[in-house]
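Residue numbers (the numbering used here), protein chains in the order written: chain A, 43 to 220; chain B, 43 to 220.
2 protein chains.
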Amino acid sequence: MALFTEGGYAEVTIAQIADRAGLTKRTFFNHFTDKREVLFAGAKAFEESVVKHLAEAHDGLDPIDAAVVALTRAGLALAGYGEFARARQELIASSTELQERDLIKMTSLASAMAEALCRIGVPPRTATFTAQAAVTVFTTAYADWITDPGADLDALMQRSLADLRRAVGHPPGHSDRN
Amino acid sequence: MALFTEGGYAEVTIAQIADRAGLTKRTFFNHFTDKREVLFAGAKAFEESVVKHLAEAHDGLDPIDAAVVALTRAGLALAGYGEFARARQELIASSTELQERDLIKMTSLASAMAEALCRIGVPPRTATFTAQAAVTVFTTAYADWITDPGADLDALMQRSLADLRRAVGHPPGHSDRN
DNA sequence: CACGCGATGACACCAAGTGCAATCCGGCCG
DNA sequence: CGGCCGGATTGCACTTGGTGTCATCGCGTG
Chain A
43 MALFTEGGYA EVTIAQIADR AGLTKRTFFN HFTDKREVLF AGAKAFEESV VKHLAEAHDG
103 LDPIDAAVVA LTRAGLALAG YGEFARARQE LIASSTELQE RDLIKMTSLA SAMAEALCRI
163 GVPPRTATFT AQAAVTVFTT AYADWITDPG ADLDALMQRS LADLRRAVGH PPGHSDRN
Chain B
43 MALFTEGGYA EVTIAQIADR AGLTKRTFFN HFTDKREVLF AGAKAFEESV VKHLAEAHDG
103 LDPIDAAVVA LTRAGLALAG YGEFARARQE LIASSTELQE RDLIKMTSLA SAMAEALCRI
163 GVPPRTATFT AQAAVTVFTT AYADWITDPG ADLDALMQRS LADLRRAVGH PPGHSDRN
């Protein structure tokens with residue numbers, strides 16, 4: 043991170059990273075498949091955390107609410123990394139390479155969530171849309187949270203979900219229940 | 043395309059592409075910034091087409107419906123490329139590199155649409171969610187259309203939109219109008 | 001102490017890009 | 001007709017990400 047923030051992502055070379063870590067270029071690639079991947083180390087763990095929360099806490103909730111809750115819970119575990127998260131997000135925003143990687147991680151997350159929803163009994167197509175929507179909600183709520191770390195992630199998530207609902211409009215053929 | 047489909051994306055080298063086109067590696071990079079980009083040549087034109095349709099045909103429609111209609115109209119212009127589109131999609135599915143590029147193109151499309159919506163008077167946050175949702179709808183409808191080129195894109199889009207609406211549930215505080 | 005195994009390192013190598021300068025080619029002007 | 005010009009093409013050298021292979025190191029175990 044130190045190297046990246048002072049030199050810019052593209053300028054920093056793998057050799058430099060390896061040197062800084064007291065290792066070799068080759069060893070770097072034994073730990074990370076990519077240069078990009080070094081900034082997404084936690085992604086897999088986060089995905090698993092979300093899936094776990096999703097499998098646990100879906101009692102009586104709409105799929106979309108369950109998905110949002112699962113993302114919120116998993117997201118709260120990131121609360122400690124505030125400063126790092128901000129720097130990382132800024133770095134990602136500065137490089138299309140990193141944005142691409144970020145997007146595919148989010149897509150992977152959505153897929154994993156969709157699969158988890160299927161296991162709960164949600165039909166596949168609904169599961170896909172639900173997961174995708176939930177991840178969209180998370181992405182913007184997370185961005186909000188980055189710019190204001192003091193805010194409550196849960197509230198931000200609910201606000202984003204409400205905004206999304208307002209944006210896509212009403213589903214056909216039912217009157218409001220709940 | 044011929045090279046890619048017979049050899050697989052990763053195996054084909056820029057030199058081979060250039061040879062096949064009767065050009066040089068260097069010249070290839072004068073036309074395309076990337077190896078990936080050669081498969082996304084039409085993306086910018088598509089994006090502009092969508093924005094144009096969106097600016098024109100938003101009379102009296104909800105933003106989300108306007109966005110979906112714009113994507114549908116622009117999508118219909120792709121009807122001629124059926125076989126190519128299928129091969130391309132298959133290729134993208136086979137390579138994470140290409141998936142990443144595809145995702146960022148879709149994100150760029152969503153951004154452009156959001157901006158266009160803002161110009162129409164939709165508040166920014168709503169515009170972002172609307173555009174994102176519409177692109178999601180398009181992505182799955184397009185995938186459906188790829189697997190069944192005989193189908194009607196318009197119908198597929200409407201079905202996807204309905205599915206998405208069902209997935210995200212009802213917006214708060216209004217009873218169904220329309 | 002010998003052995004084995006996982007992590008590290010050295011080295012050679014390939015392909016994607018990039019910068020720069022030379023060259024080609026078609027049109028245009030005197 | 002001949003020279004000139006600007007854009008497209010090219011050759012070439014170079015950097016860097018990434019991989020395959022094999023040697024080596026360090027360490028815990030029998």
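Beta carbons: idealized from backbone N, C-alpha and C, even for Gly. Bear in mind the structure is a predicted one, so any value in this text is a computation, not a measurement.
Pair within 8 Å by beta-carbon distance, A/Ala135 and A/Ala156: A/Ala156 sits away from A/Ala135, with the two beta carbons spaced by 8 Å or more.
Exposure label - A/Met148; buried when at least 16 CB within 10 Å: Label assigned to A/Met148: buried.
Contact with chain A by B/Arg207, beta-carbon distance below 8 Å: Interface flag for B/Arg207 against chain A is set, since a Cβ pair is found closer than 8 Å.
Per-residue burial, A/Phe126 [other beta carbons within 10 Å of its own, 16 or more giving buried]: Burial call: exposed.
Where B/Leu53 sits in the DSSP three-state scheme: Sequence check: residue 53 of chain B is Glu here, not Leu. The answer is coil: DSSP assigns B/Glu53 none of H, G, I, E or B.
Amino acids of chain B, ordered along the chain, whose beta-carbon sits closer than 9 Å to that of A/Thr138: Simply Ile146.
Distance, A/His100 Cα to A/Ile162 Cα: Going from the Cα of A/Ile162 to the Cα of A/His100 covers about 8 Å.
B/Leu140 - containing alpha helix (DSSP H), residue span: Residues Thr138 to Ile162.
A/Lys77, DSSP secondary structure in three states: In the structure shown, A/Lys77 falls within a coil segment according to DSSP collapsed to helix, strand and coil.
Span of the alpha helix (DSSP H) around B/Tyr184: Start and end: Pro166 to Thr189.
Distance, A/Arg128 Cα to A/Ala121 Cα: Rounded to whole angstroms, A/Ala121 to A/Arg128 spans 11 Å at the Cα level.
The region 169-186 of chain A contacting the region 98-114 of chain A, beta-carbon criterion three pairs below 8 Å: Taking a cut-off of 8 Å on C-beta distances, the region 169-186 of chain A touches the region 98-114 of chain A, as three or more cross pairs fall below it.
Selection from B/Ala193, B/Asp196, B/Val210 and B/Asp194 that minimises the alpha carbon distance to A/Gln200: Ranking B/Ala193, B/Asp196, B/Val210 and B/Asp194 by Cα distance to A/Gln200 puts B/Val210 first.
CB contact check: B/Asp16 to chain A, cutoff 8 Å: Residue 16 of chain B lies beyond the residue range present for chain B, which begins at 43 and ends at 220; the question has no answer from this structure.
First through last residue of the alpha helix (DSSP H) which encompasses A/Ala83: The continuous stretches of alpha helix (DSSP H) do not include A/Ala83, and DSSP gives it neither H nor E.
Where B/Pro38 sits in the DSSP three-state scheme: Shown here, chain B extends from 43 to 220; a query on residue 38 of chain B therefore has no answer.
Whole-Å CB distance - A/Thr114 paired with A/Leu195, under 8 Å assumed: Going by Cβ atoms, the distance from A/Thr114 to A/Leu195 rounds to 6 Å, so yes, they are a contact pair.
Short CB-CB distance (under 8 Å) between A/Ala211 and chain B: Before going on, a small fix: residue 211 of chain A reads as Gly here, not Ala. Interface residue, yes.
CB contact check: B/Glu142 to chain A, cutoff 8 Å: B/Glu142 counts as touching chain A.
Rounded straight-line distance, which links the Cα of A/Glu139 to that of A/Pro213: Cα to Cα, the separation comes out at about 37 Å.
Distance, A/Gly64 Cα to B/Gly124 Cα: Rounded to the nearest whole angstrom, the C-alpha separation of B/Gly124 and A/Gly64 is 53 Å.
Beta-carbon proximity check, A/Ala52 vs A/Ser137, cutoff 8 Å: A contact, by the Cβ cut-off of 8 Å.
Residue burial classification, B/Ala173 (beta-carbon count within 10 angstroms, cutoff 16): Buried: at least 16 other Cβ atoms inside 10 Å.
Rounded separation between B/Glu89 and A/Thr75 - CA only: Each residue's Cα considered, the two are about 33 Å apart.
Residue closest to B/Phe82, alpha-carbon to alpha-carbon, out of B/Ser150, B/Pro166 and B/Asp144: Nearest to B/Phe82 by alpha-carbon distance, out of B/Ser150, B/Pro166 and B/Asp144, is B/Asp144.
Top-ranked residue by Cα proximity to B/Pro105, from B/Ala44, B/Pro191, B/Cys160 and B/Ser91: Cα-wise, what sits closest to B/Pro105 is B/Cys160.
Other residues of its chain near A/Ala60: CB distance less than 6 Å, five sequence neighbours each side excluded: Counting only Cβ-Cβ distances below 6 Å, and skipping sequence neighbours, we find Thr66, Lys67 and Phe70.
Distance between A/Val177 and B/Ile62 (C-alpha atoms, nearest Å): It is Arg, not Ile, that sits at residue 62 of chain B in the sequence shown. Looking at the two C-alpha atoms, the distance is approximately 42 Å.
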